[in-house]
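Input: a single structure, listed below in structure tokens.
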Amino acid sequence: MSTDPSTSFPLTRPPTRVAGPSDIDEIVRVTNRAYVAEQFCLKGDRTDAADVSTRMREGRFLVIDDPAQKGKLWGLVYAAVSGNRGYLGTLSVDPAFQGQGLSKALVSAVEDHCRRAECLFLDITVVHLRKDLFPFYTKLGFAPMDVLPFPRPEKMLQPLHLVQMTKPLHPLEAL
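So in full-length UniProt numbering, spot 62 of the sequence shown is number 62, and the numbers just go up one at a time.
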């Protein structure tokens, strides 16, 4: 595959892998580039190496590599499991590669991971002002379930809260 942003992915899902410590700097770079869209409501970078390292101990990052440049990432997502619930966070695609189905591929990878861990539900939290994200997640089967306080008030440029969205990972008949 070419790294030309105008080139779209084939219909097959691009491969993901579990990130390791050598990917931390690249995870930080891609995440902060992808979350520039939140600068109107949050100050500072979205993440840093310490945050990513902590998350790696608590869950895992699934990444899509740039096949033309070893060590470069096109996208990533954080996945964690707690009991019968999975959590999807920090969904990030380098802006040069957005609109090519990478986000959907990363969400599918987390769903697969959580199903293997026998999770019944997958949760995500979305900043309430990111109205552009709600149709995307709704189309993927998520529905708003709760309102949560914003966990880092020192980063807020205006009042914020999170909307927890949830998706069942198994048919309701199986629950």
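All residues carry an ideal CB built from backbone N, CA and C; glycine is no exception.
- According to the DSSP assignment, His128 belongs to no beta strand (DSSP E), since it is labelled neither H nor E.
- In the assembly as shown, Ala79 is a buried residue. Its beta-carbon has 16 or more other beta-carbons within 10 Å.
- Phe121 carries a strand assignment under DSSP once its states are collapsed to helix, strand and coil.
- Leu133: not part of any beta strand (DSSP E); member of the alpha helix (DSSP H) spanning 133-139, first to last residue.
- A distance below 9 angstroms separates the beta carbons of Val18 and Arg60.
- Taking one beta carbon from each stretch, the stretch 87-103 and the stretch 111-124 have 3 or more pairs nearer than 8 angstroms; the two touch.
- For Ser92, there is no enclosing alpha helix (DSSP H); the residue is part of the beta strand (DSSP E) that begins and ends at 85-93.
- Around the CB of Asp132, fewer than 16 other CB atoms lie within 10 Å, so the residue is classed as exposed.
- In its chain, beyond the 5 residues on either side, Leu120 have a beta carbon closer than 7 angstroms to the beta carbon of His170.
- Apart from the 5 residues on each side of it in sequence, Pro135 has no Cβ closer than 8 angstroms to any other Cβ in its chain.
- Relative to Ala143, the option among Arg130, Val163, Pro149, Leu129 whose CA is nearest is Val163.
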